[in-house]
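Each remark here refers to the structure printed beneath this line.
Protein chains: 4
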Amino acid sequence: MAKATDGDGTPVPQRLLAAATRLFAERGYDRTSVQEIVEAAGVTKGALYHYFGSKEDLLQEVYARVLRLQQERLDAYANADAPIEERLREAAADVVVTTIENLDDASIFFRSMHHLSPEKNKQVRMERRRYHERFRALVEEGQRAGVFSSATPADLVVDYHFGSVHHLSTWYRPDGPLTQQEVADHLADLLLRALRP
Amino acid sequence: MAKATDGDGTPVPQRLLAAATRLFAERGYDRTSVQEIVEAAGVTKGALYHYFGSKEDLLQEVYARVLRLQQERLDAYANADAPIEERLREAAADVVVTTIENLDDASIFFRSMHHLSPEKNKQVRMERRRYHERFRALVEEGQRAGVFSSATPADLVVDYHFGSVHHLSTWYRPDGPLTQQEVADHLADLLLRALRP
Amino acid sequence: MAKATDGDGTPVPQRLLAAATRLFAERGYDRTSVQEIVEAAGVTKGALYHYFGSKEDLLQEVYARVLRLQQERLDAYANADAPIEERLREAAADVVVTTIENLDDASIFFRSMHHLSPEKNKQVRMERRRYHERFRALVEEGQRAGVFSSATPADLVVDYHFGSVHHLSTWYRPDGPLTQQEVADHLADLLLRALRP
Amino acid sequence: MAKATDGDGTPVPQRLLAAATRLFAERGYDRTSVQEIVEAAGVTKGALYHYFGSKEDLLQEVYARVLRLQQERLDAYANADAPIEERLREAAADVVVTTIENLDDASIFFRSMHHLSPEKNKQVRMERRRYHERFRALVEEGQRAGVFSSATPADLVVDYHFGSVHHLSTWYRPDGPLTQQEVADHLADLLLRALRP
DNA sequence: CATGAATGAGCGTTCATTCAT
DNA sequence: TATGAATGAACGCTCATTCAT
Chain W
1 MAKATDGDGT PVPQRLLAAA TRLFAERGYD RTSVQEIVEA AGVTKGALYH
51 YFGSKEDLLQ EVYARVLRLQ QERLDAYANA DAPIEERLRE AAADVVVTTI
101 ENLDDASIFF RSMHHLSPEK NKQVRMERRR YHERFRALVE EGQRAGVFSS
151 ATPADLVVDY HFGSVHHLST WYRPDGPLTQ QEVADHLADL LLRALRP
Chain X
1 MAKATDGDGT PVPQRLLAAA TRLFAERGYD RTSVQEIVEA AGVTKGALYH
51 YFGSKEDLLQ EVYARVLRLQ QERLDAYANA DAPIEERLRE AAADVVVTTI
101 ENLDDASIFF RSMHHLSPEK NKQVRMERRR YHERFRALVE EGQRAGVFSS
151 ATPADLVVDY HFGSVHHLST WYRPDGPLTQ QEVADHLADL LLRALRP
Chain U
1 MAKATDGDGT PVPQRLLAAA TRLFAERGYD RTSVQEIVEA AGVTKGALYH
51 YFGSKEDLLQ EVYARVLRLQ QERLDAYANA DAPIEERLRE AAADVVVTTI
101 ENLDDASIFF RSMHHLSPEK NKQVRMERRR YHERFRALVE EGQRAGVFSS
151 ATPADLVVDY HFGSVHHLST WYRPDGPLTQ QEVADHLADL LLRALRP
Chain P
1 MAKATDGDGT PVPQRLLAAA TRLFAERGYD RTSVQEIVEA AGVTKGALYH
51 YFGSKEDLLQ EVYARVLRLQ QERLDAYANA DAPIEERLRE AAADVVVTTI
101 ENLDDASIFF RSMHHLSPEK NKQVRMERRR YHERFRALVE EGQRAGVFSS
151 ATPADLVVDY HFGSVHHLST WYRPDGPLTQ QEVADHLADL LLRALRP
């Protein structure tokens with residue numbers, strides 16, 4: 001238990017990842033130097049390069065973590081045993097809540113993806129696509145069932161909603177007039193209202 | 001007319017601004033070097049610094065241009081002589097069209113704002129705020145008239161729509177299945193449907 | 001009378017020289033840009049290069065002016081009709097007063113001489129040498145007459161006094177406890193006392 | 001002993017400091033480029049910035065070294081067990097000798113201090129002040145004892161002497177007619193003679 | 001006489017990464 | 001495992017000077 005930890009007992013890789021996440025969100029990927037990350041994590045450069053192949057790998061790990069989390073939650077809501085309106089509403093609200101809860105990761109996600117090398121970028125986009133499609137399937141299911149209007153292509157509906165989710169990191173403030181849940185409910189409500197036949 | 005131009009006759013400052021816009025959108029602000037900008041514009045560094053105080057000034061100019069354009073267009077639609085639904089629908093569709101028409105500027109706008117120094121950032125945010133508020137006033141006008149639902153605070157409605165506009169640069173492709181106008185109409189339609197009482 | 005002047009009627013070359021003198025003294029030769037000089041003088045770069053061949057020429061002109069002035073004054077005191085102690089005392093005090101009165105020029109003189117090109121440097125050193133030698137001749141005259149001690153070589157005596165003159169720009173402040181004349185009298189007194197047989 | 005050295009075995013920071021000292025003295029601080037320093041030291045720029053935060057830090061280090069040395073020596077002479085005339089004479093001569101022995105450092109000191117940032121400048125001035133005051137205390141001690149004339153304020157006496165010390169780098173040449181010690185003795189003698197009651 | 005756009009070389013500094021220990 | 005000295009390429013920016021007008 002004395003290995004790869006320091007003082008607080010958190011393993012070095014986690015400490016590095018946490019420091020990198022905070023700094024990338026604060027100042028952006030390019031403006032964060034490896035030196036700053038290792039100082040914030042309380043280790044040396046050698047240690048970082050022992051656990052991560054490059055600065056970019058660190059960024060990819062941040063992505064991988066948030067992508068995994070969001071996909072799991074979406075799957076849980078989407079596959080639940082409930083009417084389609086309810087499942088879509090809950091999934092739509094949940095992505096808002098988890099995005100707010102991980103606003104740092106979200107900022108990085110929407111602002112730093114183009115810093116990944118083409119291959120890694122492609123991989124992230126693919127996972128992102130899977131997420132998008134599971135969400136779209138919900139919309140289409142409701143459209144086929146006649147519960148949702150088919151006036152707008154499902155793809156566009158999904159992008160409409162995700163746009164507002166991405167946008168959260170631009171305007172949401174924890175000390176604002178609305179709680180996370182209220183924001184989530186409102187945004188889910190707007191989506192469902194737009195889909196009324 | 002032989003002043004400050006070269007070969008094609010376009011003034012040097014414009015050439016620099018155009019080159020910077022394209023490059024900032026392509027690879028991001030931090031990843032674009034001053035050297036690349038001046039090479040793309042066919043001038044030397046000295047010329048750039050003759051017209052612009054810094055690389056950051058170049059970025060601010062890009063912002064200033066697009067902010068001015070969008071504000072003008074919004075004002076025109078918002079102050080038109082037509083029913084409120086119509087005015088909101090047209091304004092909502094128009095911001096989509098002009099964003100697509102200037103997708104480079106838009107990408108820069110939503111991804112590089114945090115690269116501006118605090119003071120310049122503040123100024124841009126202020127102008128942005130003015131735009132947001134003009135749009136919000138339209139929503140509130142409809143809500144007061146009972147034409148739009150008041151279920152969702154107008155602020156949130158505006159952010160919902162603008163989120164999808166920002167998101168355009170992430171997914172819109174000119175060679176996609178929908179034309180600019182179709183995308184604009186769909187997105188405006190989603191907004192109006194969500195606002196039905 | 002409307003030529004080469006501006007507003008205040010001072011000829012452009014003088015205005016440039018005055019601006020350069022102030023700025024060179026304030027921030028040093030290398031840290032003063034040609035742009036700053038022309039702005040301070042209220043003219044453009046072209047005007048500067050019309051009257052002066054280079055930035056260095058400006059510096060040389062500053063030197064030439066102060067050298068001429070000091071040489072003239074020394075000659076006047078040295079060739080006066082008075083006992084040698086009196087003539088040396090007055091010359092020694094006068095160089096202190098004129099140095100304090102032109103503290104800017106003096107700072108430049110003692111700090112920026114090595115910025116001149118070899119040829120110009122040589123010329124300035126030569127004129128400086130002439131000044132030194134006229135002063136030394138006074139000391140030697142007194143030594144030969146037995147009025148001054150010969151314990152120290154005259155050269156060294158001169159450097160001893162000039163050292164304190166150069167040093168003035170380091171510590172003299174107009175709002176200090178001593179007036180210019182008091183400082184001058186004290187320093188001349190120290191010299192004369194050191195020379196007592 | 002194989003760490004941070006190269007070829008000759010001298011540690012890199014020392015090599016950099018030595019190269020910088022020589023070059024700053026030769027051509028002045030502003031005229032010496034970082035590139036020239038690292039080339040003279042046989043390392044790369046990265047190495048310099050590994051050990052020193054900036055070019056200015058290098059200059060400050062030169063100052064710190066000479067200030068420390070001179071203060072130590074002055075303290076030793078001033079606190080010795082000997083009559084006041086003897087202690088002042090020896091201290092006055094010693095500062096001349098050590099200045100000549102480190103003429104490079106001295107040139108830099110008297111010509112480049114204004115290149116330091118305000119904060120660092122202040123620090124250097126403070127240490128310099130301490131030195132000045134220890135020296136002044138010696139003069140005052142002799143004045144109170146009636147051994148030295150009180151005709152001139154002690155402050156001015158100190159500045160008179162230090163002026164000649166600063167001036168050394170302007171005229172002293174190792175191949176001149178006088179040895180270091182002879183120059184030192186003469187200058188100390190002039191000071192003591194000037195202080196005779 | 002005077003302008004100011006433009007040059008081009010050089011500046012101090014940063015930084016991801018490597019590697020001997 | 002982990003260190004930290006060192007690299008080397010690139011970065012944003014400055015500036016004395018030139019020259020067509």
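Just so you know, the sequences run in chain order W, X, U and P.
The first sequence finishes on residue 197 if you use the UniProt record's numbering, and the numbering steps up by one all the way, no holes.
The second sequence finishes on residue 197 if you use the UniProt record's numbering, and the numbering steps up by one all the way, no holes.
The third sequence finishes on residue 197 if you use the UniProt record's numbering, and the numbering steps up by one all the way, no holes.
The fourth sequence finishes on residue 197 if you use the UniProt record's numbering, and the numbering steps up by one all the way, no holes.
Positions of the beta carbon are idealized from the N, C-alpha and C atoms, including for glycine.
Environment of residue i [buried if 16+ CB atoms lie within 10 Å]
| i | result |
| --- | --- |
| G28(X) | buried |
| T21(X) | buried |
| H115(P) | buried |
| H50(X) | exposed |
| Q181(W) | exposed |
| G142(P) | buried |
| S112(X) | buried |
| D175(P) | exposed |
| D105(W) | buried |
| A82(X) | exposed |
Proximity winner among the options, relative to residue i (alpha-carbon distances)
| i | options | result |
| --- | --- | --- |
| F24(W) | S107(W), H167(W), V165(W) and E127(W) | S107(W) |
| S150(U) | D57(U), E140(U) and V38(U) | E140(U) |
| L156(U) | V157(P), L156(P), V158(P) and A184(P) | A184(P) |
| A137(U) | R193(U), V165(U), E72(U) and N79(U) | N79(U) |
| F52(X) | E72(X), R65(X) and L17(X) | L17(X) |
| V96(P) | S169(P), V12(P) and V62(P) | S169(P) |
| S164(P) | E133(P), F110(P) and V43(P) | F110(P) |
| D75(U) | H186(U), P11(U), E26(U) and E90(U) | E90(U) |
| N102(W) | M126(W), V34(W) and L67(W) | L67(W) |
| A145(P) | R73(P), E85(P) and A92(P) | E85(P) |
| D94(X) | L187(X), P197(X) and R193(X) | L187(X) |
| A40(U) | V62(U), V158(U) and Q14(U) | Q14(U) |
| T44(U) | D105(U), Y77(U), A19(U) and P197(U) | A19(U) |
| W171(P) | Y172(U), A47(U), S117(U) and R129(U) | R129(U) |
| V12(X) | Y63(X), I37(X) and E72(X) | I37(X) |
| E31(U) | S117(U), E72(U) and K55(U) | The residue asked about is misnamed: residue 31(U) is Arg in this sequence, not Glu. Among S117(U), E72(U) and K55(U), the Cα nearest to that of R31(U) is on K55(U). |
Three-state secondary structure assigned by DSSP to residue i
| i | result |
| --- | --- |
| S54(U) | coil |
| Y49(P) | helix |
| residue 204(P) | As shown, chain P starts at 1 and ends at 197. That puts residue 204(P) outside it, with no answer to give. |
| V43(P) | coil |
| Y77(W) | helix |
| L195(U) | helix |
| N121(W) | helix |
| L190(P) | helix |
| L23(X) | helix |
| K3(X) | The pLDDT assigned to K3(X) is 45, lower than 50, so where the model puts this residue is not dependable; a value taken from the coordinates is nonetheless given after this. Three-state result, K3(X): coil. |
| S164(X) | helix |
| D30(P) | coil |
| residue 208(W) | Nothing in the structure corresponds to residue 208(W), since chain W is present only between 1 and 197. |
| R130(P) | helix |
| L116(P) | coil |
| R65(P) | helix |
| A184(W) | helix |
Expected contact under 8 angstroms - CB spacing of residue i and residue j to nearest Å
| i | j | result |
| --- | --- | --- |
| L195(X) | F148(X) | 4 angstroms |
| T98(W) | D189(X) | At roughly 29 angstroms, the Cβ-Cβ gap does not stay under 8 angstroms, so T98(W) and D189(X) are not in contact. |
| Y131(W) | Q70(W) | 6 angstroms |
| Q35(P) | K120(P) | No, Q35(P) and K120(P) are not in contact; Cβ-Cβ is about 23 angstroms, not under 8 angstroms. |
| A92(W) | L178(W) | About 16 angstroms; that fails the 8 angstroms criterion. |
| F162(U) | H167(P) | 6 angstroms |
Any non-hydrogen atom of the ligand SAH closer than 8 angstroms to residue i Cβ
| i | result |
| --- | --- |
| T10(X) | Within the structure as shown, the ligand SAH is missing, as the structure has no ligands at all. |
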